[in-house]
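Number of protein chains: 2
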Amino acid sequence: MSTVERQLEDIHSTVEQEVPGDITITEVRYEGPELVIYTRDPKRFARDGDLVRRLASKLRKRITVRPDPGSLAPAEKARAEVMRVIPEEAGVTDLDFHVDTGEVVIEAAKPGMVIGRHGSTLREITQETGWTPEVVRTPPIESSTVKNVRNFLKQERNERRDILERIGRQIHREKMSDDQWVRITTLGCCREVGRAAFILSTPETRILIDCGDKPGSDDVPYLQVPEALGSGANSLDAVVLTHAHLDHSALVPLLFKYGYDGPIYTTEPSRDLMGLLTLDYLDVAAKEGRTPPYESEMVREAIKHTIPLEYGDVTDIAPDVKLTFHNAGHILGSAISHFHIGDGLHNVAFSGDIHYKDTRLFNGAVNNFPRVETLVLESTYGGRNDYQTDQEDSERKLKQVITETIENDGKVLIPAFAVGRSQEIMLVLEEAMRSGDIPEVPVHLDGMIWEATAIHTTYPEYLRDDLRERIFHEDVNPFLAEQFNHIDAGEDERQEVADGDPCIVLSTSGMMEGGPVLSWLERIGSDPDSTIVFVGYQAAGTLGSRIQNGRRDVPLRGPDGRSNSLTLKMGIETVDGFSGHADRQGLENFVRTMNPRPEKVLCVHGDERSTQDLSSALYHEFNMRTFAPKNLETFRFV
Amino acid sequence: MSTVERQLEDIHSTVEQEVPGDITITEVRYEGPELVIYTRDPKRFARDGDLVRRLASKLRKRITVRPDPGSLAPAEKARAEVMRVIPEEAGVTDLDFHVDTGEVVIEAAKPGMVIGRHGSTLREITQETGWTPEVVRTPPIESSTVKNVRNFLKQERNERRDILERIGRQIHREKMSDDQWVRITTLGCCREVGRAAFILSTPETRILIDCGDKPGSDDVPYLQVPEALGSGANSLDAVVLTHAHLDHSALVPLLFKYGYDGPIYTTEPSRDLMGLLTLDYLDVAAKEGRTPPYESEMVREAIKHTIPLEYGDVTDIAPDVKLTFHNAGHILGSAISHFHIGDGLHNVAFSGDIHYKDTRLFNGAVNNFPRVETLVLESTYGGRNDYQTDQEDSERKLKQVITETIENDGKVLIPAFAVGRSQEIMLVLEEAMRSGDIPEVPVHLDGMIWEATAIHTTYPEYLRDDLRERIFHEDVNPFLAEQFNHIDAGEDERQEVADGDPCIVLSTSGMMEGGPVLSWLERIGSDPDSTIVFVGYQAAGTLGSRIQNGRRDVPLRGPDGRSNSLTLKMGIETVDGFSGHADRQGLENFVRTMNPRPEKVLCVHGDERSTQDLSSALYHEFNMRTFAPKNLETFRFV
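As given, the protein sequences belong to chains A and B, one line each in that order. Here our numbering is used: the first residue of the first sequence is 1, the next is one more, and so on. Here our numbering is used: the first residue of the second sequence is 639, the next is one more, and so on.
Here it is as structure tokens:
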């Protein structure tokens, strides 16, 4: 009998001792990090609201209780019961019964009303039907990504259950080694921006954190070195994704092509955004005639293997590692990933990308942890002069540029990342128009911006407190303002807009490395009354960076596939302060107020100068050990 | 056709163009790092003493010319010819003809006389017989190790030839990667003394430098991590052994158990000493009832796969790595290993263990290199107070202790490493007795000391200039002085000595971790007139260290296998200054006068305090980047 079997038997006995005598436990098993308890008496289990919490605390595991299939009311009968229990105002849009797990997935416009106070409505559903309810939000703006992901996971439910069981056994395996050490290996994004990838390893466990591409370059993380995938992709125990931007996520699906079949831990919005962005990444590659590094099937594998975690959930992901996500303030679902290793042996936090102050979209990054000795900190704006304008001043400047351009009868083109910056700018524009700071003109959203916005409205829990409140009330959801037009009819619609009245165009890609922004450039770039406004980071080598630096001859590929050159006559402006990244001051403040203050900081995800400047400043200011690692190095802690 | 085949065809054509028209080339092939040219006209080849040098320079390879088997005189006829050509004074002791390679191995007391001026006698042998002579020295003291190694290699000649051909093809394979980086991974001996092991890696090549055990501990190098042997022992291109002490060599044979079948580069004396010491290591393990980590068969594999290099030979060991050994002054054959990587990309020197000043046995360590950017430096005595007495003062103190003990009618017991320190002390004692500084008493050599001394006399080229000269003239070979007695009749002989007159005993093991020194301790430890004198490094945790620190209750295992306790009554003295390691001053001087001065220094092979002290001192004194790595870290250069 394997050690996991023995463990489960012990847990089974403990559970039977702990629950009232009239509750029958038929099985306990692992599904991913969770312990699932099957019972013939789900209704009795649901009676005692505190029972699951007590069991979880006793067993020190995350627990899900499921009805034994034999104890379930038939789906059609249950459907009526469920609908009766849930208040009508909850706005249920779908009910989906899964006989194999005894779960009913309830999609509703107002999930809170399905849950009820302290989960009372959920418990009532179980008591009435035996089914275990799971609640998801009906996207206020329909998102095809969210719909596709949910449908796909529904289809693959059986396979996913097997995957989760395998992963669960892996997580709860017996520790093998008496050795104690913690190491971080840098596979990318050191002394550069892009291709984020780290390995966190102990004698027991190897975890890959992020696996991105590098904008403006073909460079990929050093996956082939022995300490990465040299002994096979399945030598990894887990992949953790801090957020969905391609420089962190693009090559995650590639791992499955290499034979990985373990879990990806990330937040739910990051999972969906990863799906959206990586599929687009494949699309762009195909359009540009490059062979994509993997096929869309691998994106589906990645989604199927994703175990979504919420901020603050402390989750066992290996026998000696607990993972907790904390809001990073950078984009939807972005997470500082905190690893607690061993029994208090060491704590490492990977910042991913962070924004320390509140923005319109997000609360600022969390920097409060139970313990943390080592911090791996992004340094995008870590250089000694990388101070950004206050957002208030930036907004003032942006509004001024827009007003002037529109009064000149011109158009404003804003290249923006579909995910994050676009929604921030949308919020600025919506408020500015509402308050009369800028003229009311149409705001055209091109590329994936509309879809990305839809995903934002699906997960308002991840947005800034006050924004979340507004979205909950559909009548004041700023993303639904009528100025916003989704460009969904291709080149004809673009030409119409270009030929028309003053307006604002928000278009991908954010660094002008392809996408519809090039089409806009072609159409309005030679209009001296129009203006292009950069509001995001432009990586060295990208077209965005070159235009920003004054280049006015722009190579374009015509519709016939031949290369043309366009001479820009439009105004070129940069308004910083909208970045999703903390600036130098923000990074220092993040560390200064961090609780507890880490002993060691690795400054990564910034060019050579930025990482070295930041490393040196943190050392001198806070007297901590700091490093500006190179790629392919390994640091040992403990 | 493989790229190596094509390469060899090109070389074949070039050779044919370069040699006179009357010389037929039948084959060119690789054997290890060398290019072997087979010719039907070895005699004509031998005519032009400069031809091989010209070819080597043209092809930028090390070249050996061999007769095509068809062109050889029959062995018996050749034997007479060879003996006629070599002067009788050369003292030939063996001739061994190898038909497969056309080589005749000539063992002679005076190899120089077999070689002749600028190799003239060797050329004459080839001209007369067609055979290619190879010369080895007849050990002045018979060494069973040297004899066994030579016989074994003779037996395995065919298999060895296949191994060398395979290695040769591996070395001369085409470069695969466009990437450029150089990394060092620490697998042991960081912030500790013992278990030396490093990986030097490039995108092309992975080299293991040393693979030792840790005295006084069961710790072994971290071979199982992915970046070591995680993707198989054959993911290594080469193993380089800096010297034969067990803390550098003990686990080299283990690699062959793990499936390694590539080359070991080391000096010829290091190869023989490694054979001696690792076989003894297995013996000791067996005697102590431990399961040895490998069998003696693996030691033979290691020897079979060894490619001996001489100091100063620049040798291709991979498509992008050239290795050169330089005298390290530490023990016989010890080598600073210099790696030239890429075409001028980077140069790394691993000091191994070094002694910077001349000792009686060896010239001081070389610190002159064509180029070197990174130095990996031992730090055994790197602590801020690790200054050692001058050898002159040490010798005075040693002589004083000996004289007093002998005048007291006592015996002097000196625990010493068989290899290195023993021979140094022998030279001190021999001179002291010759000059009347100490009384003439017998010096008993126990354990492997006699055998190790025999190996020293086999390779006088590796000894200090003036000592080498004395050994060449057998009448003044200090190791043959009549005071020296080989304890070769076991416990009876020991008891006789212990019961007898004053004398000196040099015995292994050096740190009293087993071996005959314990038997001596038992016999004379309770004699208050006798003295034990420590002359070498005592690692923490060893019995030697404990006695040195004042412990007088010594646990001993009696002949019946039961544990006894002995109370020491003998005097306990420490005379430092005989260490094979540079002291703090020596290490600083080594770096100060190093040419060129390296940019970065990794301080290793010392306890935590020593490595950090040395690292900090070198940083402040020489303004270089210095590190005190931990085990399991990876540093990237370039």
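Positions of the beta carbon are idealized from the N, C-alpha and C atoms, including for glycine. Values in this document were obtained by computation on a predicted structure and should not be read as measured data.
Taking only beta-carbon atoms, is residue i less than 7 angstroms away from chain B?
i	result
residue 608/A	no
residue 192/A	no
residue 183/A	yes
residue 227/A	yes
Taking only three categories from DSSP, how would you classify residue i?
i	result
residue 30/A	strand
residue 1079/B	coil
residue 840/B	coil
residue 981/B	coil
residue 771/B	strand
residue 871/B	helix
residue 402/A	helix
residue 970/B	coil
residue 275/A	helix
residue 730/B	strand
residue 1118/B	helix
residue 300/A	helix
residue 639/A	Only positions 1 to 638 of chain A appear in the structure, and residue 639/A is not among them; the question remains open.
residue 628/A	coil
Taking 7 angstroms as the cut-off, decide whether the C-beta atoms of residue i and residue j are in contact.
i	j	result
residue 108/A	residue 145/A	no
residue 843/B	residue 987/B	no
residue 977/B	residue 1004/B	no
residue 1242/B	residue 828/B	yes
residue 15/A	residue 25/A	yes
residue 387/A	residue 592/A	no
residue 395/A	residue 428/A	yes
residue 78/A	residue 126/A	no
residue 524/A	residue 411/A	yes
residue 298/A	residue 370/A	no
residue 468/A	residue 460/A	yes
Taking the DSSP output, what are the residues bridged to residue i?
i	result
residue 1278/B	The structure shown does not extend to residue 1278/B, since chain B is modelled only from 639 through 1276, so no value can be given for it.
residue 649/B	DSSP lists no partner for residue 649/B.
residue 949/B	963/B
residue 1241/B	1015/B
residue 264/A	239/A, 306/A
residue 1053/B	1145/B
Does any residue of chain A bring its CB to less than 7 angstroms from the CB of residue i?
i	result
residue 833/B	no
residue 1274/B	yes
residue 897/B	no
request  = Closer than 9 angstroms, Cβ to Cβ, to anything on chain A: give me those residues from the region 1241 to 1271 of chain B, in chain order.
outcome  = Correct list: 1267, 1268, 1269, 1270, 1271.
key: Near-chain A residues of the region 1164 to 1176 of chain B - C-beta to any C-beta below 7 angstroms   = none
query = For the region 20 to 31 of chain A, which residues have a CB atom closer than 9 angstroms to at least one CB atom of chain B, in sequence order?
reply = Residues of the region 20 to 31 of chain A that bring their beta carbon within less than 9 angstroms of a beta carbon in chain B are absent altogether.
request  = Note down, in chain order, all residues in the region 952 to 986 of chain B with a beta-carbon under 8 angstroms from any beta-carbon belonging to chain A.
outcome  = none
message = Taking beta-carbon pairs under 9 angstroms, can you tell me which members of the region 868 to 891 of chain B lie near chain A?
response = 868, 869, 870, 873
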